[in-house]
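Quick note, the sequence shown lines up with residues 1 to 1133 if you use full-length UniProt numbering.
Backbone N, C-alpha and C fix where the C-beta goes; we use that ideal spot for every residue, glycine too.
Predicted model, so just to flag it, every value in this text is computed and none were measured.
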Amino acid sequence: MGEKAAVGFDVGNANSVVALAQKLSADTLRNEFGNRQTPTRIEFHGNTRVLGANRISSTTKGCVTVSNFLPLLGKRMDEVELDSANFPGTLKWDKNAAGRPCVTIRLGAKEYKLIPEQILAMQLVKLGEIARNSLSDQTPMNVVISVPSFYTDQERQAVLNAAFIAQIDCHRLVNNTTAVGIFRALTKKPAQTGSAETCNYMALVGIGQQSTEVAIIRYNRRELTVMARTSGVDHGGRDYDMLLFNSFLDDFKKKYNIQIDRNSRTANRLLQECEKIKIKMSGTDAELPIKIDNFAGGHSLEARISRKEFDGLARNLHERFSRLITNCIEQSKVDLRNLNSVEMFGGSSRIPALKEITKKLFGHSVQPALNAEETIARGCALLARLDEKSETFIIKERCQYPIFCSWKATEYDYSVIGEESVELFEAGALIPSRRWLVTSAAQSTVFTIFHTFSGPHIKQNSVVAEYKVKGLPERFGNTLQFEVRVGENGIFHVTEVILVDKALLNKPTEIFNEKRFTGRVLEIEKSSSFLSKRELQSMQLIEDEIAKIDRDEQERLRRVNDLETKFYSAKKDLQQLQGYVTSEENNVMNQMEGKIKKLTDEQEGLDVTGHFLYEEERSKISEICKKAKERKLECEKNIKSYSDSLKKLRERTATGKLSEEKMDRLKLHLDSCENWLQNVNAIDVETRNSSIASKQKEMEDTYESILNAPDIIQTPESPPAPEVPPSAEAIEPCPEDTEPKWDIKERPQTSKAKESEIGQDLLSFATKEDLREIDNARSLAESAKTRHDNLLRKLESQRSAYIQSMAQYKLSLARIREEYKNIQSAVSGQEQSELDRISRKLEEFSEWIDNIELNMRSIEPQKRVALISQKQREMETVFNESLKSRTKALDKNVETPPGRRPPVGETATPPAPESTVSQPSEIIKQVLRNNTLFRISLTKQMTPFQVELNQYGNQFSKDMEKKFRIISTQGHGCVGEEVAKWRDEISTMLNTVKNHETAMSNLLQHFIAQLSKYIEDLQKIVSSGQTDDKTAGQKKIVENILNQVSEYQEFNSEQLLMFDANLREYDLWLVQQLNVYSFQKEGPMDDAETKKVQVEKFLFRITAFGRNNQIILTNLQKQLEEYDSQLRGSLWH
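This is the structure:
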């Protein structure tokens, strides 16, 4: 076995420290959080045992936290007075069957009753883990543990028992003050300590949470002797904390008329604040505040205290401290002028008043210590290294209490000390030490060893152990010789009992410092309150069992964390592939998220054999991600093929020599296909790839069908009028180069960036659990926002596709009706029945589309476009064949009427012009076509603007709420950049409105000009001088149309001007907001609430504006559709 590592443990009542010695130096080790001190507390929650738990976690609901357990070590319940009633945060202890203090905890389905030694063993396990993390796994440890100097035999043995339960190789125990003396003696430079034989004197004052120790030592490089030592458990750091605690309780009762329960969480929080303010007062004379937030009813409790007031409250504690130092000086009999240094250690040693008292009583300045809480552990580590290296360094301790031996028959009655008892070791005797007791007065076989002490720590005449001598002859006057010793750990032992054959004694009982007589060695049996070896082995098994439960739970949590990490990593990847994940897979992910939360919250996931139950979920996550990526690649491939085909068809259309009507139909068809492609993500992911392929084939087939269809026979027009109505290309309302862009993603996300910047500062205070919850909440929020945006895009694309398909259907129906009208007047009576059948079919298809519009909500949204497209193809197939055959028959058998195209091979004689203006039917058809194009352009222009407006309003509302929360609490100075970015956001929205206003104005003016042109053409027809029967009938129809168009122009002008006025009003309002929100960057902000009211009004205006625009747009759409219906009726008539 290799060299052992020298490790020192300082187990304090509040915190513990671990140190590792190397050569003649010792370093303090850090725990997993990077702290040099580890809280002395154990927390139990579910199946988890948290060793060295901090105070924050101790307030968690359902947790059992054990602290302040060191005063209970090695004692019976009736030997101590628990101070849980006076000290908040102390757990209530029960009494087990042996009369020992115990605490009941539950791990899993099993319940355990743990005594203080077992709790201390768990703390030692934690300290061992800290040391083990700095060593290799195979390196054995030689551990020295520090104890308070006032510990009795029972308490010291309890510490050794705890080390045995924890399976820690405890080489020895050492008193706190002695450990500090060893550290100073071995680490001071030779110039400071003189030669190896030169003796130096040092005064040590240690103030811990529970007690205070004072010692004067003499030391050199080879030896350390304790000259005197005093200690008191009625003076410690927590006594000062309780002093502040009780003072604040009285203040709160007087000021707020509130009585705080001393065992409540509020009391525990107040005690923690008292400890913090005690530390702060050590560095300042100023008056300091204390505040308890969120008290009952949401109130806050406040009070103030200064160092002067604190010193006045602590006058009695200062007197106790002074007595401890005075008693130590008197017992040591050392001339204070020989003191080389005075050092203080412990957490409360920095209190200024205690430093002044120490300096005054010792007549020597107190040497400052930067690591006052770490010197004990470092001294223990150095002592462990000396023992490991077998280097000679003599330590001479002092016995803290007198030790007596009694053979009085009455049990537990040692108040009378006389001939039936004898003092073995006096108080202050040097130890380790060995003595021999020879007595012929004892006529009992039972000898009791006990301490005598009058004080708060142990009861009067506390029993150490009872020894029963076996094998005594049944005769009077037996002489016995006892070999007794107090070892280096400060524990009393009876090592040997001899029956003396002949002894010449001056007294019946005598004490010798060396062995005097020989004789027969007798057997002795020890009976004490110490735990037996069997009990210790049983407790060791319990510790192993609890440790295994804890390890299993930690392994379960590790696997859950791995699964959780993989899940949320996959979820983040799937958010980028959201359009390629099926609803079933989303449900699987949602169910898996619920399982993971259940695993984390309810300690589930292991079967009876410890096997993790959710390993298969990891493969499911990988499979879902893999399928989504494959769908994306396939979809991108299909979209590219579709786009390439669309591009080729557009090039073919542009280079072909086609009629205007056929060109318009092809362009409308290709535009519809392109619009479908833009909204392809709205299609269910399971059928998307197949839909793209089928849609591509349908696009190509329909293109060929339109391209190969015969041209519509038009009635020859009269000579052109001076002004020709612009073509469909000329009235395109929003060219691509002037159409404003409504990309919502381009809006600057300044507030989100600021939140990220602030979050990085806050994350340094977060635990792993906090970070996991933050990531969960952030992922859920991002996922919800993504789903919301995708849903809006899906609904918008469905509506646009629906409107486009309705327009295509109605245009196709109008074209068929036009062809029907052209052949209706030229048929014979024999074929009239066939035309009647066609007419009925037309009415059926017209009624079908009307019913679709009325009952749209009864059809599933994703099926509407496909249903209309299918019905359109059916209609075109039926009527194209029928009308084509009718047209051929007419070309062969019927004389070519005026305005019709002659049959092949014949030359038609152009008819005389009937009028100098266009025919009414042509004007009406032109009005109808441009009206439809205008409606499509209007919807195309308004829809993205409306979406942008709504989303901007929602985002703006969230930003305002966050910014005003910051401004209201912190003022202008902290949000200078935020205000500037805020104004930039408003300016961005202002530019958006202006661009939209320009595009809408151009569109409206162009449409009004078209209506005026139609009125002018119709007016020419009415005022023409034609008087034949045909034109006379047309004039009557045109007069009615003229009245309708004039009324419609007046109505639309009013509505569109109102729409334009709303845009301009909103523009002006936004300009005003730039002044309203131009906050000054310095000075207080008294008008924050006023500004907030203005912002709320602004948000209301955004909502009202959007709602008003929607109403106007809806009215326009209804009027245009009604006008379409009237025009079609006039045209067919």
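Cβ-Cβ separation, residue j to residue i (assumed contact under 8 Å), whole Å
i	j	result
residue 237	residue 312	Not confirmed; about 19 Å, so no contact.
residue 439	residue 508	6 Å
residue 73	residue 117	7 Å
residue 643	residue 670	About 12 Å separates the two Cβ atoms, so there is no contact after all.
residue 49	residue 546	6 Å
residue 490	residue 160	Actually they do not touch by this definition, with Cβ atoms about 11 Å apart.
residue 685	residue 582	5 Å
residue 554	residue 519	Between residue 519 and residue 554 the Cβ distance is about 59 Å, and since that is not below 8 Å, they are no contact.
residue 639	residue 692	6 Å
residue 141	residue 5	5 Å
Euclidean distance between Cα positions of residue i and residue j
i	j	result
residue 16	residue 492	27 Å
residue 673	residue 845	23 Å
residue 304	residue 373	28 Å
residue 456	residue 234	Its pLDDT being 48, under 50, residue 456 is placed unreliably by the model, and nothing is read from it.
residue 278	residue 240	8 Å
residue 285	residue 355	15 Å
residue 244	residue 549	41 Å
residue 401	residue 232	13 Å
residue 848	residue 837	16 Å
residue 308	residue 272	21 Å
residue 266	residue 45	21 Å
residue 20	residue 187	14 Å
residue 705	residue 814	18 Å
residue 1002	residue 1012	16 Å
Beta-carbon proximity list for residue i, same chain, < 6 Å, skipping 5 on both sides
i	result
residue 332	216, 227, 228
residue 25	none
residue 868	805, 809
residue 3	none
residue 396	225, 430
residue 875	845
residue 125	166
residue 135	5
Under 8 Å between C-beta atoms of residue i and residue j
i	j	result
residue 540	residue 167	yes
residue 18	residue 40	no
residue 103	residue 91	yes
residue 42	residue 29	no
residue 321	residue 339	no
residue 353	residue 318	yes
residue 399	residue 379	no
residue 435	residue 512	yes
residue 223	residue 394	yes
residue 330	residue 202	no
residue 666	residue 653	yes
residue 877	residue 575	no
Contacting residues, own chain, Cβ-Cβ under 7 Å from residue i (five flanking each side not counted)
i	result
residue 143	7, 9, 168, 169, 170, 171, 384
residue 198	220
residue 682	794, 797, 798
residue 13	40, 68, 70, 208, 209, 210
residue 641	696
Contact set for residue i: own chain, Cβ-Cβ below 8 Å, skip 5 residues either direction
i	result
residue 466	446, 447, 448, 449, 526, 527, 528
residue 432	397, 485, 486, 487, 488
Contact test: residue i Cβ vs the ligand NAP heavy atom, cutoff 7 Å
i	result
residue 285	You won't find the ligand NAP in this model; it holds no ligand whatsoever.
is_contact[residue i, chain C] using C-beta, thresh 8 Å
i	result
residue 98	Within the model displayed, chain C is absent; a lone protein chain is all it includes.
*asked:* Ignoring anything shorter than 3 residues, give me the beta strand (DSSP E) runs that lie fully in the segment 5-81, in order along the chain.
replied: If we require 3 residues or more, the beta strand (DSSP E) runs fully inside the segment 5-81 come out as 5-11, 15-22, 25-28, 41-45, 48-51, 64-67.
_4 or more residues per run - each alpha helix (DSSP H) lying fully within the segment 275-340_ = Taking only runs of at least 4 residues, the alpha helix (DSSP H) segments lying wholly in the segment 275-340 are 307-313, 315-332.
*Inside the segment 841-882 only - beta strand (DSSP E) runs reaching at least 3 residues*: Annotation: the segment 841-882 contains no complete segment of the beta strand (DSSP E) (minimum length 3 residues).
*Any chance you could list the alpha helix (DSSP H) runs of at least 4 consecutive residues sitting entirely within the segment 466-517, in chain order?*
Runs of the alpha helix (DSSP H) inside the segment 466-517: none found.
*Just list the beta strand (DSSP E) runs in the segment 125-174, keeping only unbroken ones of 3 residues or longer that don't cross its boundaries, in chain order.*
Counting only runs of 3 or more residues that sit fully inside the segment 125-174, the beta strand (DSSP E) segments are 141-147, in chain order.
*asked:* For a minimum of 4 consecutive residues, which ranges assigned as the alpha helix (DSSP H) are wholly contained in the segment 677-711?
replied: List check, alpha helix (DSSP H) in window: 685-708.
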